[in-house]
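Chemist: Dropping a structure here in structure tokens format, bear with me for questions.
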Amino acid sequence: MLRCDVCNSKPAQIYQRHTGLKLCLTCFRSSIVERATQELYKYVDRNERLLLAVSGGKDSLTMLDVLSSIHPVSKLVALTILEDIVGYDRSSEIEEVRKLCREHGVEHIVVSMKKYLGYSVTEFMEAQRMLKVRSPISACTFCGIARRRIVNSIARELGVDKVVTAHVLDDELQTYLINILRGDIVRLLQSHPLSTVHSSMIVKKVKPLRKVYEYETAIYAFFRGFRFQDIECPYISQRPTLRARLRPMLQELESRYPGFCLRLLEHLDRILEPLVREQNEKVRELPRCTLCGEPTAPGRKICKYCELVELIRKALASSTL
Ligand SMILES: [Zn+2]
Ligand SMILES: [Zn+2]
Numbered sequence: 021m022l023r024c025d026v027c028n029s030k031p032a033q034i035y036q037r038h039t040g041l042k043l044c045l046t047c048f049r050s051s052i053v054e055r056a057t058q059e060l061y062k063y064v065d066r067n068e069r070l071l072l073a074v075s076g077g078k079d080s081l082t083m084l085d086v087l088s089s090i091h092p093v094s095k096l097v098a099l100t101i102l103e104d105i106v107g108y109d110r111s112s113e114i115e116e117v118r119k120l121c122r123e124h125g126v127e128h129i130v131v132s133m134k135k136y137l138g139y140s141v142t143e144f145m146e147a148q149r150m151l152k153v154r155s156p157i158s159a160c161t162f163c164g165i166a167r168r169r170i171v172n173s174i175a176r177e178l179g180v181d182k183v184v185t186a187h188v189l190d191d192e193l194q195t196y197l198i199n200i201l202r203g204d205i206v207r208l209l210q211s212h213p214l215s216t217v218h219s220s221m222i223v224k225k226v227k228p229l230r231k232v233y234e235y236e237t238a239i240y241a242f243f244r245g246f247r248f249q250d251i252e253c254p255y256i257s258q259r260p261t262l263r264a265r266l267r268p269m270l271q272e273l274e275s276r277y278p279g280f281c282l283r284l285l286e287h288l289d290r291i292l293e294p295l296v297r298e299q300n301e302k303v304r305e306l307p308r309c310t311l312c313g314e315p316t317a318p319g320r321k322i323c324k325y326c327e328l329v330e331l332i333r334k335a336l337a338s339s340t341l
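Taking this note's numbering as reference, the numbering of the sequence shown is continuous, increasing by one, and the terminal residue is 341.
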């Protein structure tokens, strides 16, 4: 029997690629819990109320499971958003979140995008098709903007202290690189964990899994027995995004140089830190959208969300003529 490299007693079951360690299940779980604990409490106090954004995917189920063991469960609320995409049934994923919340005693809220905002992802895509928009905005862009809006509004309604998302190391590194490649300094600095929110209406986000690899949450979810559906979102196969192109490149580098992605993320964190601190000092309250009153980017009158919703309204108006 091959023994675990850490405890040297239990059988090793997992090869942790980026450290080169062979681990037993207990030590593997501990290594994830340790990183999540360290990351969470850099930005969160033990008595703070947290809203967890839980989609039902492997990363978010892992986050929910891990956080339930490190933060008081009475201070946690899990939120699942239904995108209302026609042909994309998420009921089994939601059931899985519900089950895990019950198991840990965490409150769980499910919100429908259509009911909460008045519009679904499908309606947005239909609107663009009807208006024959020349370079349509992707479903993922609309979905992301709509979801962030719901999460932030509910966080405010509930009066929680922070929002917690399940972004893993791979997501975080891709986001850094995308913003570097696009020269988007504002977003680059905003994606740094130390960046402060620029509006009293935005609830600060924390990402406790940002030092945990996606392959680790996959292993975690597998051994924990989480069930997933195999239906993909029908909008996923549209033109590959920069993120989708970066993913295999980074995976290739990671397999050639184990730990590459973690080191690069940590280097970028360090390089950006003084710039982020400087930026935090200069923070001014963001302007408010003249239509909905939510914060918007400097120099904008109408927020991105209202701009997109305007498309749906236009399509609806033209279809009833
Ligand atoms: Zn062990
Ligand atoms: Zn607006």
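Backbone N, C-alpha and C define an ideal beta-carbon position, used for all residues, glycine too.
In this text, all values refer to a predicted model and were calculated from it rather than measured experimentally.
Please write down, chain order preserved, every residue whose beta carbon lies under 5 angstroms from a heavy atom of ligand 2.
Modeler: Cβ atoms closer than 5 angstroms to ligand 2 belong to Cys309, Leu311, Cys312, Cys323, Cys326.
Chemist: Unbroken beta strand (DSSP E) runs of length 3 or more, entirely within the region 38-105: which are they?
Modeler: With a minimum length of 3 residues, the continuous beta strand (DSSP E) runs that stay inside the region 38-105 are 41-43, 70-73, 96-102.
Chemist: Return yes when the Cβ of Val171 is within less than 9 angstroms of the Cβ of Lys227, no when it is not.
Modeler: Counted from its first residue, the sequence shown places residue 227 at position 207. Counted from its first residue, the sequence shown places residue 171 at position 151. Taking 9 angstroms as the Cβ cut-off, Lys227 and Val171 do not qualify as a contacting pair.
Chemist: Could you round the C-beta distance between Leu197 and Val232 to whole angstroms and report it? I think they count as a contact, below 8 angstroms.
Modeler: As a working mapping, residue 197 is identified with position 177 in the sequence shown. As a working mapping, residue 232 is identified with position 212 in the sequence shown. The Cβ separation is near 18 angstroms, so there is no contact.
Chemist: At 3 residues or longer, and completely inside the region 181-227: list those beta strand (DSSP E) runs for me, N to C.
Modeler: Listed in chain order, they are 182-184.
Chemist: List the DSSP bridge partners of Arg308.
Modeler: The residue labelled residue 308 in the question sits at position 288 within the sequence shown. Its beta-bridge partners are Pro315.
Chemist: Under DSSP, the beta strand (DSSP E) around Tyr35 begins and ends at which residues?
Modeler: As a working note, residue 35 is residue 15 in the sequence shown. Segment 34-36, the beta strand (DSSP E) holding Tyr35.
Chemist: Distance, Cα to Cα, Lys134 vs Glu113?
Modeler: By one-based count along the sequence shown, residue 134 stands at place 114. By one-based count along the sequence shown, residue 113 stands at place 93. Each residue's alpha carbon lies about 18 angstroms from the other.
Chemist: Looking at C-alpha atoms only, which residue of Leu43, Gln36, Ser132, Arg37 is the closest neighbour of Met21?
Modeler: Mapped onto the sequence shown, residue 21 falls at position 1. For Met21, the nearest C-alpha among the options comes from Leu43.
Chemist: When you get a sec, list the residues whose CB is within less than 7 angstroms of any heavy atom of ligand 1, chain order please.
Modeler: Going by the Cβ distance cut-off, the answer is Cys24, Val26, Cys27, Ser29, Lys30, Leu43, Cys44, Thr46, Cys47.
Chemist: Name the two residues that bound the continuous beta strand (DSSP E) containing Val141.
Modeler: Indexing the sequence shown from 1 puts residue 141 at position 121. Run containing Val141: none in the beta strand (DSSP E); it sits in the alpha helix (DSSP H), 141-150.
Chemist: Val131 lies in the beta strand (DSSP E); which residues open and close that run?
Modeler: The count along the sequence shown starts at 1 and reaches residue 131 at position 111. From DSSP, the beta strand (DSSP E) with Val131 extends over 127-132.
Chemist: Could you check if Tyr139 is buried or exposed, using at least 16 other CB atoms within 10 Å of its CB as the buried criterion?
Modeler: Walking along the sequence shown from the start, residue 139 turns up at place 119. Result: buried.
Chemist: The alpha helix (DSSP H) that contains Val296, what's its start and end?
Modeler: As a position in the sequence shown, residue 296 is number 276, starting the count at 1. That run of the alpha helix (DSSP H) goes 280-301.
Chemist: Cα separation between Leu84 and Arg333?
Modeler: Indexing the sequence shown from 1 puts residue 84 at position 64. Indexing the sequence shown from 1 puts residue 333 at position 313. Between Leu84 and Arg333, the C-alpha separation is close to 37 angstroms.
Chemist: Using DSSP with H/G/I as helix, E/B as strand and the rest coil, what is Arg154?
Modeler: Start at 1 with the first residue of the sequence shown, and residue 154 comes out as number 134. Coil at Arg154, not helix or strand.
Chemist: Going by other Cβ atoms of all chains shown within 10 Å of its Cβ, with 16 needed for buried, is Lys321 buried or exposed?
Modeler: As a working mapping, residue 321 is identified with position 301 in the sequence shown. With fewer than 16 Cβ atoms within 10 Å of its Cβ, Lys321 is classed as exposed.
Chemist: First and last residue of the alpha helix (DSSP H) that includes Arg169?
Modeler: Within the sequence shown, the letter at position 149 stands for residue 169. Segment 159-178, the alpha helix (DSSP H) holding Arg169.
Chemist: Which same chain residues, not among the five before or five after Lys62, have their C-beta less than 8 angstroms away from its C-beta?
Modeler: Translated into the one-based positions of the sequence shown, residue 62 becomes position 42. Around Lys62: Pro213.
Chemist: Tell whether a beta-carbon distance below 9 angstroms holds between Tyr325 and Arg176.
Modeler: By one-based count along the sequence shown, residue 325 stands at place 305. By one-based count along the sequence shown, residue 176 stands at place 156. Not a contact, by the Cβ cut-off of 9 angstroms.
Chemist: Of the choices Ile251, Pro278, Leu81, whose alpha-carbon is the least far from that of Arg122?
Modeler: The residue you call residue 122 lines up with position 102 of the sequence shown. Ranking the options by Cα distance to Arg122, first place goes to Leu81.
Chemist: Where does the unbroken alpha helix (DSSP H) through Val117 begin, and where does it stop?
Modeler: Taking the sequence shown and counting its residues from 1, the one referred to as residue 117 is at position 97. Its alpha helix (DSSP H) spans residues 111-124.
Chemist: Of all the options Leu266, Phe242, Ala159, which has the alpha carbon lying nearest to the alpha carbon of Ile200?
Modeler: The sequence position of residue 200 within the sequence shown is 180, counting from 1. Checking every option, the nearest Cα to that of Ile200 belongs to Leu266.
Chemist: Hey, could you find the ends of the alpha helix (DSSP H) Thr237 is sitting in?
Modeler: Within the sequence shown, numbered from 1, the residue matching residue 237 stands at position 217. Residues 234-244.
Chemist: Just tell me which of Ile34, Leu102, Glu305, Glu127 has its CA closest to the CA of Leu70.
Modeler: Here the question's residue 70 lines up with position 50 in the sequence shown. Minimum Cα distance to Leu70 is reached at Glu127.
Chemist: Taking its Cβ as the centre, do 16 or more other Cβ atoms sit within 10 Å of Glu143, making it buried, or is it exposed?
Modeler: For the purposes of this step, residue 143 is taken as residue 123 along the sequence shown, with counting starting at 1. Flag for Glu143 reads buried.
Chemist: Would you mind giving the Cβ-Cβ distance between Leu45 and Phe243, rounded to the nearest angstrom? I have them listed as a contact below 8 angstroms.
Modeler: By one-based count along the sequence shown, residue 45 stands at place 25. By one-based count along the sequence shown, residue 243 stands at place 223. Yes, they are in contact, since the Cβ atoms of Leu45 and Phe243 sit about 6 angstroms apart, within 8 angstroms.
Chemist: Could you compute how far the alpha carbon of Glu115 sits from the alpha carbon of Ile251?
Modeler: Translated into the one-based positions of the sequence shown, residue 115 becomes position 95. Translated into the one-based positions of the sequence shown, residue 251 becomes position 231. Answer to the nearest angstrom: the Cα atoms are 15 angstroms apart.
Chemist: Grouping DSSP H, G and I as helix and E and B as strand, with all else coil, what is Arg230?
Modeler: Locating residue 230 in the sequence shown gives position 210, counting from the first residue. Of the three classes helix, strand and coil, the one that applies to Arg230 here is coil, per DSSP.
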